[in-house]
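In our numbering, the protein residues as written are 6 to 318.
Even glycine gets a Cβ: it sits at the ideal position worked out from N, Cα and C.
Here is the structure we will look at, set down as structure tokens.
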Amino acid sequence: MPVPEPADPRVDVGGPPAAMGSDSPALDRFTGLALIALVVQLGLGIHLRAVLAGMGEPWGAWPFLRQAHSHLGYYGLVFPLVWWAWRRQGLPVPGRLQTAAYALATAAATWGFVQAGYAPLSIAASTVVLLVWVIAALRLRRQVVELRSWWAPAVPAILLSAVAIPGVAVTISRDPTFARELVQAFLTLLMFGVATPAALAQQGARPPLAPAWTIGVLCTAMLLGPWPGLFTHLGTILLAGQVLWTAWDLPDLDQRAAWGGLALGLLALGTGALPETQPVAIAGLHYAVLGPVLMSLGAALVGRLPLLARLAY
């Protein structure tokens, strides 16, 4: 794969693809940001689970904490680990100045969501986050034309998700239900169009037909978002088949099981065995992030764990 030339000296371009057996934790700006976000996420998660368990609110009353939790997971944990994976594959990633601006915007957005949910601070900071995503995606434009590629779906997924943030800002007060559906589509696009391909590439999985994968991602996002229908159900089945086809050839048992479970969940959703409701979508995205995606990209933080530890996780 040719390495694209950076558009300016602030852009990093990774070296040659790393060997699959060389996973080891190494602190850099991406893994450092991900570690900080992970610690904060653990704190938010403890609070939310205490509330759900009827144990009160250990950190006080924060009615918008769930929004902060979900957005920080993507802004501060998933995307830095995705960029770590891109860098290992020789792809351009945000430079130091962009990463610093991104980290500040992530912190501001998280605090804004904690205080008031979708409000001026969180929306403005999310716009900066979005801008860095779009710039990073546009630097992958040469990969868009590749027929078999893990990277081609990232560009349309990020650009289409960019429409969701202003869409949510406009509709949150007038039509909260539609705004929540847009958020769900936004999260799904990024999970299956950006994070999942990076995680599977990190495992050395054979790349899919990029157009078919992209269609499946778009249909799944619409099914879980504002436009469920026959076509989006069929597209979700298409994505499920591709994930299952990819998982079948992974060398490690725990990876085959984790990705196979995700494929079966998508298949159940596409066939109608599972309803396309918000609780199902939230459960599915949590499984994807905490299961196969972090099991693959988590090597950036903890290295390659023994098989028993991975199976226990």
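In the three-state reduction of the DSSP assignment, R153 falls in the strand class.
Of all alpha-carbon atoms in W116, G122, T132 and I51, the one lying nearest the alpha-carbon of I177 is that of G122. For L214, the beta-bridge partners assigned by DSSP are R153. When W156, T251 and L272 are compared, the shortest CA-CA separation from A200 is found for W156. A distance of 7 Å or more separates the beta carbons of L96 and Q46.
Contact annotation, L271 with A245: C-beta distance approximately 4 Å; criterion of less than 8 Å satisfied. In the DSSP assignment, E281 falls outside any alpha helix (DSSP H) and carries neither an H nor an E. Burial check for G209: the Cβ neighbour count within 10 Å stays below 16, so the residue is exposed. Non-local C-beta neighbours of T237 in its own chain, meaning closer than 7 Å and more than five positions away in sequence, comprise C224, M227 and L228, ordered along the chain. Contact annotation, Q207 with L302: C-beta distance approximately 6 Å; criterion of less than 8 Å satisfied. Contact annotation: V173 and V160 have beta-carbon atoms that are not nearer than 7 Å. The Cβ neighbour count for G48, taken over all protein chains shown within 10 Å, is under 16; the residue is labelled exposed. Taking all protein chains in view, the Cβ of G240 is crowded by 16 or more other Cβ atoms within 10 Å, so the residue is classified as buried.
Between L249 and A263, the C-beta gap is not smaller than 7 Å, which leaves the two residues out of contact. For the 7 Å CB-CB criterion, I242 and G275 form a contact.
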